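In the working numbering, the protein residues as written are 6 to 387.
See structure below.
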């Protein structure tokens, strides 16, 4: 049974209301998207277990034991995922560790300058410029050493609940550097074991995956991912405009890709699919698929000449529906497997692409295609 040709209807503008409504749906629910630890920072523990788990009791125990607010415990048929906010002491220690290495970098630079200027002064002992530079470098050297000492002292104070009191040689830069790094690493291992010990009374598990993302790294990831998404849309806009040399078809195609993205984000918020590096990869895949479908549809309507524009749009829709439903079936299968086997990375990627492709059915054939047809008719009337 063939589908009716919806593009022969008189009021094509009414069709466009459907993807616009879905866009508002996406915007509303996108504010509810949870961030995974790759973007929010913190700790993620994935457990492989078939045991029924009291998630509320486990979350409460984690909160009281670790002294953190609102840990998340998410379960699936294959296991559970636990997301724990960053420990404030570890976050403070990380900032101090970064400050320590910044001071150490300055110390190394000033130390090199002092040595170089000292050699030069052997040949020109009364050179006032070199003497001034030497005094400046020695001052910077002392300030950098003091900065390292203060940063290390603050770091070890923050880590004391995990590693106890740690002694070090405050006049030995290499010793301080070794202590700063090893103390932070040891504290991380102690905290990991503390998390696992808090979980064990509530669930038996055969294996677990533990991941930590520091606040500095997560903020870097987030800024880079924003840049990637923006750059992708800019490059796509340039390429699309180059193909059609007209703003309206180009804007219709960009609207389609953007709307698919918004719908996918809304579904992520509705179904609590975390936004992380994996799901951003899924969003980029979705953008590529969406642009491909809409460019082919627009070319078929605008640049082909067999039959009427409505017939060309209809045949493009039948082909596109076959392609998209096949892709939906593939990603639905992957999504189901990732839930059952509990593979968080595949769960994020498949979930994003699956719901984005469902949205693409409405965006492309009820939004993009009618827009291109209306543009084509208006152009022919002129």
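We put the beta carbon where it would ideally sit given N, CA and C, even for glycine.
Because the structure is a prediction, the values reported are computed rather than measured.
Given residue i, which residues of its chain have a CB within under 8 Å of its CB, disregarding the five upstream and five downstream residues?
| i | result |
| --- | --- |
| residue 293 | none |
| residue 184 | 157, 161, 171, 173 |
| residue 40 | 279, 280, 281 |
| residue 32 | 267, 271 |
| residue 186 | 102 |
When the Cα atoms are used, what is the spatial distance from residue i to residue j?
| i | j | result |
| --- | --- | --- |
| residue 229 | residue 305 | 36 Å |
| residue 300 | residue 245 | 8 Å |
| residue 235 | residue 54 | 40 Å |
| residue 7 | residue 384 | 30 Å |
| residue 142 | residue 132 | 15 Å |
| residue 343 | residue 356 | 9 Å |
| residue 289 | residue 269 | 11 Å |
| residue 67 | residue 22 | 46 Å |
| residue 65 | residue 202 | 14 Å |
| residue 239 | residue 233 | 10 Å |
| residue 376 | residue 97 | 53 Å |
| residue 211 | residue 175 | 45 Å |
| residue 371 | residue 349 | 33 Å |
| residue 125 | residue 137 | 13 Å |
| residue 320 | residue 13 | 13 Å |
| residue 182 | residue 275 | 47 Å |
| residue 215 | residue 51 | 7 Å |
| residue 213 | residue 140 | 56 Å |
| residue 117 | residue 127 | 16 Å |
| residue 152 | residue 231 | 34 Å |
| residue 155 | residue 73 | 27 Å |
Using a Cβ-Cβ distance cut-off of 8 Å, determine whether residue i contacts chain B.
| i | result |
| --- | --- |
| residue 260 | Annotation note: the requested chain B is absent from the structure, which comprises a single protein chain. |
Mark residue i as exposed unless 16 or more other C-beta atoms lie within 10 angstroms of its C-beta, in which case mark it buried.
| i | result |
| --- | --- |
| residue 302 | buried |
| residue 255 | buried |
| residue 250 | exposed |
| residue 381 | buried |
| residue 163 | buried |
| residue 19 | exposed |
| residue 252 | exposed |
| residue 188 | buried |
| residue 196 | buried |
| residue 388 | Absent from the structure is residue 388, since the part of the chain shown begins at 6 and ends at 387. |
| residue 92 | buried |
| residue 35 | buried |
| residue 49 | buried |
| residue 367 | buried |
| residue 105 | buried |
| residue 243 | exposed |
| residue 24 | buried |
| residue 336 | buried |
| residue 360 | buried |
I think residue i touches residue j, with their Cβ atoms under 8 Å apart; what is that distance to the nearest whole Å?
| i | j | result |
| --- | --- | --- |
| residue 354 | residue 263 | At roughly 20 Å, the Cβ-Cβ gap does not stay under 8 Å, so residue 354 and residue 263 are not in contact. |
| residue 27 | residue 364 | 6 Å |
| residue 58 | residue 208 | 5 Å |
| residue 378 | residue 314 | 6 Å |
| residue 199 | residue 291 | Actually they are not in contact, since the Cβ atoms of residue 199 and residue 291 sit about 39 Å apart, beyond 8 Å. |
| residue 347 | residue 339 | About 13 Å separates the two Cβ atoms, so there is no contact after all. |
| residue 362 | residue 324 | Contact doesn't hold; Cβ gap of about 15 Å is too wide. |
For residue i, which residues of its own chain have a beta-carbon under 7 Å away from its beta-carbon, when the five flanking residues on both sides are left out?
| i | result |
| --- | --- |
| residue 219 | 46, 99 |
| residue 258 | 245, 296, 299, 300, 303, 373 |
| residue 43 | 218, 223, 226, 281, 282 |
Near residue i, which residues of its chain fall below 6 Å by C-beta distance, leaving aside the five closest residues on each side in sequence?
| i | result |
| --- | --- |
| residue 317 | 305, 306, 309 |
| residue 37 | 274 |
| residue 192 | 164, 167, 168 |
| residue 62 | none |
Segment contact flag, the stretch 148-155 with the stretch 93-112, C-beta cutoff 8 Å, min 3 pairs:
yes
Pair every Cβ in the stretch 157-172 with every Cβ in the stretch 117-129, then say whether three or more of these pairs are closer than 8 Å.
no
Are the stretch 69-78 and the stretch 86-97 touching by the rule of at least three beta carbon pairs closer than 8 Å?
yes
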